[in-house]
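In the working numbering, the protein residues as written are 500 to 1101.
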C-alpha cells in the first residue's frame, strides 16, 4: 500500500481503523489533560473539524464540508461508533457545520450527545443544512457517487442542538460527558457573522482556544470579545498571508461606486455571495445608499435577493433587537426609524420560482436600460445555489455584464477560476458548471453557453469574459494578519497551531507570528490526524517554527529540515498546479514562477 499523496506523513498501512493517538504514542493524563487531533481544516479552507480528547470525553469542534478540491468530508478514521460525546460549533457556515449529518449517518455520535452552539448558529445551521441536502442529493445521482446522509440524519441533528448564549460552564452540564470530568468551556463573540464564536476549553490548569473564524470587521456586529490566555491556540489563517484588508468603509464605497457605474452603463450585475453574513452586509449597504443614485437609475434597477440569502436575512431579523448579537446601532435603528427589516432594501425582490427568475432576466432591456437586474445570490464561490445559474444565464443573454467577487475563493471553485484568469491576463474563462437553466434550456446564443457530456454526467459549459469580473477587497468577514495577530496577543500562548488556511498563507503568517510574539515558543501548521498535546511543553510531529530557528534558519534534525522543505514545496506545487490547470499557464510560465520564488527566497 502506498502513501496517501495528500497526507504522506501517515504510515503506508493507514486504514479505517487508524488511531492517531496510538500511532503518535500520545496518552491523555494529568500532565497532558487534553489532546487536539485535526480531522479537517488544516492547510485548507474547508471541512473544519478538530477532535478534543480528554481523560473522560471525546468532543469535536466543528464538522464542516469542503466546497473546493480535496476531500469533501472530515477524516473520521479511528473514531468508533458512539464515541463522540458532543460537538461545539463556532458558527453556521457550511464549511464548519455541513458534516454534522455525516456524523449522524455513520453513528459516531453517542445517543445522548448534544451539539452546543449559540442560538443564531443553531437556527442558521438548520437552514443551511436543508439546502446542503438538496445539493448533496443532486451530486449523489452522478455515476460513481454515493449519498452520505439523508433527511432523517438532518432531523436527528436538529434534535441534538443545545442553544446557548456567549457564556461559560462545565461541559458536563451541556452535553453527554461524565460529571466527574472537570472540563469547562467558554464561548465569546468572534465577530465573523451572526452568532459566531471562539471557544476555549480548560481543565486541570491547562487551556486551549479555538479561534473559529476571526472577524471584527463588520459594521453591524458587536465588538469581538477578547479571548482568554491559553497554553495552545488553534487559529485560523485564511488571510494570514495578507497584512491588512482595505477598510470596510472604503470597501463598501468601492462596491457601491462600481455597481452604480455598471447600472449607469445599463449593465446587469451579479454578486455571488455567502448567504450568511456577506449577503446581509451587501443588503444593508444598498438599503442605505441606493436612494442616493440618480432618480432614473433608482426607477430602473431591480434589486434581487435570492436563494438561501432570503432565509438567512429573515433569521437575522428575528434577533434584530438583541445587542448580544448586533451592534447597538441596529437595535437603535429599529427603535428610532421603526425599521424592523434593516437588512431588506425597499422594493427588493425575493424570487420563489425559476419562472420568477427567468421573468426578471427577460424583462431587462439592455438598449433602453429598463429593469436592470442587480442580483445578490449564493453561493459566494459559484459552487452551488443560484449564482452559477445566473452567471450562465448572463453569458447566454447579454453582451456585457458585471460579476463582483466579494469573498475568499477556494481552490477548484468557479470563483477561483475567474480570479485566476484575471491574474493570467487571459481574455475569458471557460467554466464547467453543474447547473441548470431557469427555463427548459439555455437561451439561444453563439456557443458561449452549451451542454457538455462528462464521465459523471451533463455539465453546462460557459465562457465568461474576463472584463466582466471584478474582485472586491475589503468585504471579507475574516481578519487579515493585523487582526489575527491581535487575537493571538490576547491569548498569549506558548504554542500556536495554524488551521483553516492555504499553505502559502500559513507559511507567511507563521513567520509574522514569530517575529511579533516574543513569548510564543513554537508555531506549527496543523496536519490531518496528527495529535497536538495540550501540555506545558507542547511537541507536535510537524515542522515547528521557533524563536531560534526563525533567526538562524536551522532545525534540530535532518528530518525536520526535510519536513520543512517538503511543506514549502507542497505550497509552491499547489499554487503552480492550481494556476496552471485553471488559467492555462505554459511550461515557460511555470518555470518563470518557480524562478521568481527561488529568487525571492535567496
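A virtual CB, placed ideally from N, CA and C, is assigned to each residue, including glycine.
Per DSSP, residue i forms a beta bridge with which residues?
| i | result |
| --- | --- |
| residue 941 | Residue 941 is not bridged to any residue. |
| residue 959 | 932 and 950 |
| residue 733 | 709 and 996 |
| residue 508 | In the DSSP output, where bridge partners are listed per residue, residue 508 has none listed. |
| residue 778 | Answer is none; residue 778 lacks a bridge partner. |
| residue 738 | 979 |
| residue 684 | 668 and 700 |
| residue 769 | 874 and 902 |
| residue 608 | 583 |
| residue 869 | 864 |
| residue 1033 | 533 |
Would you mind stating whether residue i and residue j have Cβ atoms separated by less than 8 Å?
| i | j | result |
| --- | --- | --- |
| residue 850 | residue 805 | yes |
| residue 876 | residue 897 | no |
| residue 583 | residue 599 | no |
| residue 868 | residue 765 | yes |
| residue 660 | residue 576 | no |
| residue 519 | residue 1028 | yes |
| residue 641 | residue 935 | no |
| residue 571 | residue 739 | no |
| residue 689 | residue 589 | yes |
| residue 1001 | residue 544 | yes |
| residue 807 | residue 774 | yes |
| residue 985 | residue 997 | no |
| residue 871 | residue 928 | no |
| residue 563 | residue 539 | yes |
| residue 697 | residue 704 | no |
| residue 730 | residue 994 | yes |
| residue 823 | residue 895 | no |
| residue 535 | residue 1019 | no |
Please report the residue range of the beta strand (DSSP E) in which residue i lies.
| i | result |
| --- | --- |
| residue 1109 | Coverage of the chain is limited to positions 500 through 1101, which leaves residue 1109 absent and any answer about it impossible. |
| residue 968 | 968 to 970 |
| residue 621 | Looking at the DSSP string, residue 621 is not in any beta strand (DSSP E); the run it does join, the alpha helix (DSSP H), is 618 to 639. |
| residue 853 | Residue 853 -> not in any beta strand (DSSP E); alpha helix (DSSP H) instead, spanning 853 to 861. |
| residue 574 | No beta strand (DSSP E) contains residue 574, which DSSP labels as neither H nor E. |
| residue 920 | Here residue 920 belongs to no beta strand (DSSP E); instead the alpha helix (DSSP H) covers 913 to 922. |
| residue 584 | 583 to 587 |
| residue 559 | 557 to 560 |
| residue 538 | 533 to 539 |
| residue 865 | Taken as a continuous stretch (DSSP letters only), residue 865 belongs to no beta strand (DSSP E), as it is neither H nor E. |
| residue 791 | No beta strand (DSSP E) contains residue 791, which DSSP labels as neither H nor E. |
| residue 726 | Per DSSP, residue 726 belongs to no beta strand (DSSP E) and is neither H nor E. |
| residue 642 | Where residue 642 is concerned, there is no enclosing beta strand (DSSP E), given that its DSSP letter is neither H nor E. |
| residue 1026 | Taken as a continuous stretch (DSSP letters only), residue 1026 belongs to no beta strand (DSSP E), as it is neither H nor E. |
| residue 544 | Per DSSP, residue 544 belongs to no beta strand (DSSP E) and is neither H nor E. |
Would you kindly report the start and end of the unbroken alpha helix (DSSP H) that includes residue i?
| i | result |
| --- | --- |
| residue 1010 | 1002 to 1015 |
| residue 604 | 599 to 604 |
| residue 747 | 747 to 763 |
| residue 896 | 886 to 896 |
| residue 519 | 519 to 523 |
| residue 594 | 593 to 596 |
Look at the alpha carbon of residue i and the alpha carbon of residue j, and state the distance between them as a whole number of angstroms.
| i | j | result |
| --- | --- | --- |
| residue 778 | residue 831 | 21 Å |
| residue 527 | residue 695 | 30 Å |
| residue 906 | residue 624 | 20 Å |
| residue 873 | residue 716 | 25 Å |
| residue 505 | residue 916 | 22 Å |
| residue 966 | residue 938 | 27 Å |
| residue 852 | residue 885 | 11 Å |
| residue 608 | residue 554 | 18 Å |
| residue 725 | residue 732 | 13 Å |
| residue 631 | residue 597 | 7 Å |
| residue 593 | residue 952 | 29 Å |
| residue 1072 | residue 1003 | Because residue 1072 carries a pLDDT of 48, less than 50, the predicted location of this residue cannot be relied on, and no value is offered for it. |
| residue 922 | residue 512 | 41 Å |
| residue 748 | residue 840 | 22 Å |
| residue 1159 | residue 532 | Nothing can be reported for residue 1159, as the shown portion of the chain is limited to 500 through 1101. |
| residue 924 | residue 770 | 22 Å |
| residue 719 | residue 918 | 28 Å |
| residue 932 | residue 665 | 40 Å |
| residue 706 | residue 750 | 37 Å |
| residue 712 | residue 976 | 8 Å |
| residue 547 | residue 803 | 31 Å |
| residue 796 | residue 989 | 48 Å |
| residue 656 | residue 591 | 13 Å |
With a threshold of 7 Å (Cβ to nearest heavy atom), would residue i be considered close to the ligand GTP?
| i | result |
| --- | --- |
| residue 758 | The ligand GTP is not part of this structure, which contains no ligands at all. |
Problem set entry | beta strand (DSSP E) runs wholly inside the stretch 651 to 679, at least 3 long, in chain order | Look at the stretch 651 to 679 and you find these whole runs of beta strand (DSSP E), each 3 residues long or longer: 660 to 663 and 667 to 669.
Problem set entry | Contained beta strand (DSSP E) runs [length at least 3] in the stretch 793 to 848, N- to C-terminal order | Counting only unbroken stretches of 3 or more residues, the beta strand (DSSP E) elements lying wholly within the stretch 793 to 848 are 800 to 804, in sequence order.
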